[in-house]
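The numbering used here applies: residue 611 is where the sequence shown begins, and numbers increase by one. Working notes for the structure below.
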Amino acid sequence: MKQDHRQHLTSGERAGERYVLTVPHDALAGYMGTRTGHLAGSSIDFRDYREYQPGDDLRHIDWHVYARTDRLTVKLYREEVYPHVDIVLDGSRSMSLDGTKKAEAALGVAALFAVAASNAHCTHRAWLAASRIREVANSSQSPSAWDDLAFDFSGNPAEAFQQPPAWRKRGIRVLLSDLLWLGDPLSALQPLSHGAAAVIVVQLLGQADMEPPTAGNIRLRDVENDERLEMFIDAVARSRYTDALTAHQQNWHRACRQVGAVFVTLVAERVLGDWSLPALEAAQILEPA
């Protein structure tokens with residue numbers, strides 16, 4: 611992995627100390643850990659009694675009840691849970707577009723989410739979406755220890771979501787991408803949201819993505835397939851570009867609403883300025899630590 615990639619992970623890690631991830635109630639069910647869920651478990655928070663069944667832990671038998679009633683009864687406790695966060699990075703070439711800070715911001719924001727998750731007593735793993743969705747090396751460790759990250763995939767990362775990994779059920783899933791690919795957003799969002807307690811889609815754009823080129827003759831190169839196009843940019847072309855980007859964002863926003871996901875757009879260069887993330891705070895995704 612490039613050395614500057616690790617520097618961006620470290621910067622995001624430091625910035626993440628300022629935030630705590632907001633954990634929805636649905637993520638607090640099903641696993642052993644530090645918070646109480648709504649299912650029965652083995653914490654010290656007593657919930658109820660029930661009759662003993664073969665296979666029950668003998669340590670949970672209440673012998674005082676047995677002495678009074680001659681019936682084997684076990685104590686039920688509220689389950690303790692570790693909420694879990696899966697962070698998915700778009701590994702396509704457009705994320706490292708020349709003239710933008712998307713790669714730097716993507717790594718930093720991913721690291722920030724991991725630390726904010728830890729501050730909320732969540733576990734985490736990081737993933738890279740390319741030809742398939744693979745787990746990043748050392749992904750459950752501190753972000754500065756992550757390895758084998760590269761933005762070099764030349765295809766459509768949405769296709770990788772058709773065979774998603776075994777993400778933890780009732781977890782929180784975060785997608786970090788510029789979303790500049792063709793196709794129905796639901797093709798990625800439905801597999802991403804299946805079985806999740808919450809889904810957060812962060813569209814990370816460069817300033818150059820937001821603003822079309824100035825007027826004149828230009829040569830465009832597609833970073834995904836290296837195709838080149840000569841064209842003349844005027845006010846009409848700039849307006850069409852802006853309208854198309856807005857329509858694309860609205861399409862993603864509608865699709866996110868369909869699956870219950872939260873959609874937020876960030877501009878990479880602004881994120882790296884001071885790591886202030888008012889859009890994520892306003893969406894109640896992050897809160898100050």
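Cβ atoms here follow ideal geometry from the backbone N, Cα and C, with glycine treated the same way.
Exposure of residue i, with buried meaning 16 or more beta-carbon neighbours within 10 Å
i, result
"residue 771", "buried"
"residue 816", "buried"
"residue 890", "buried"
"residue 883", "exposed"
"residue 887", "buried"
"residue 839", "exposed"
"residue 846", "exposed"
"residue 774", "buried"
"residue 826", "exposed"
"residue 660", "exposed"
"residue 640", "Residue confidence for residue 640 is low, a pLDDT of 44 falling below 50, so the modelled location carries little weight and cannot support an answer."
6 Å CB neighbourhood of residue i in its chain, flanking five on each side removed
i, result
"residue 753", "619, 623, 721 and 724"
"residue 628", "899"
"residue 667", "none"
"residue 779", "805"
Rounded straight-line distance, which links the Cα of residue j to that of residue i
i, j, result
"residue 786", "residue 718", "11 Å"
"residue 742", "residue 856", "28 Å"
"residue 777", "residue 849", "41 Å"
"residue 804", "residue 842", "44 Å"
"residue 903", "residue 621", "A query on residue 903 cannot be resolved here, the shown segment of the chain reaching from 611 to 899 and no further."
"residue 649", "residue 636", "Its pLDDT being 39, under 50, residue 649 is placed unreliably in this model, and the value from its coordinates should be taken loosely. Distance between the alpha carbons of residue 649 and residue 636: 12 Å."
"residue 893", "residue 727", "16 Å"
"residue 654", "residue 672", "Residue placement at residue 654 is poorly supported in this model, since its pLDDT is 42, which falls under 50; the coordinates still yield a value, given next. Roughly 14 Å separates the two Cα atoms."
"residue 751", "residue 784", "17 Å"
"residue 853", "residue 705", "22 Å"
"residue 612", "residue 714", "11 Å"
"residue 617", "residue 664", "55 Å"
"residue 820", "residue 736", "27 Å"
"residue 764", "residue 658", "56 Å"
"residue 824", "residue 766", "28 Å"
"residue 881", "residue 837", "30 Å"
"residue 614", "residue 707", "15 Å"
"residue 885", "residue 801", "30 Å"
"residue 859", "residue 755", "33 Å"
"residue 876", "residue 662", "54 Å"
Cut-off 7 Å between Cβ atoms - residues of its own chain near residue i, not counting five sequence neighbours on either side
i, result
"residue 851", "822"
"residue 738", "699, 701, 744, 746 and 759"
"residue 781", "637, 694, 695, 696, 806 and 807"
"residue 867", "none"
Close-in-space but distant-in-sequence residues of the same chain around residue i (CB under 8 Å, 5 per side omitted)
i, result
"residue 903", "In the structure as shown, the chain begins at 611 and stops at 899. Residue 903 is therefore absent and cannot be evaluated."
"residue 794", "865"
"residue 862", "789, 795, 811, 813 and 873"
"residue 729", "626, 627, 629, 630, 631 and 899"
"residue 709", "816 and 818"
"residue 676", "682 and 683"
Whole-number beta carbon distance between residue j and residue i, since they are thought to touch under 8 Å
i, j, result
"residue 711", "residue 897", "25 Å between Cβ atoms; not a contact."
"residue 685", "residue 674", "Residue 685 to residue 674, Cβ: 10 Å. No contact."
"residue 634", "residue 740", "Wrong, their Cβ atoms sit about 29 Å apart, outside the cutoff."
"residue 797", "residue 818", "At roughly 27 Å, the Cβ-Cβ gap does not stay under 8 Å, so residue 797 and residue 818 are not in contact."
"residue 799", "residue 695", "At roughly 17 Å, the Cβ-Cβ gap does not stay under 8 Å, so residue 799 and residue 695 are not in contact."
Three-pair Cβ contact test at 8 Å for the stretch 790–803 versus the stretch 676–683: no
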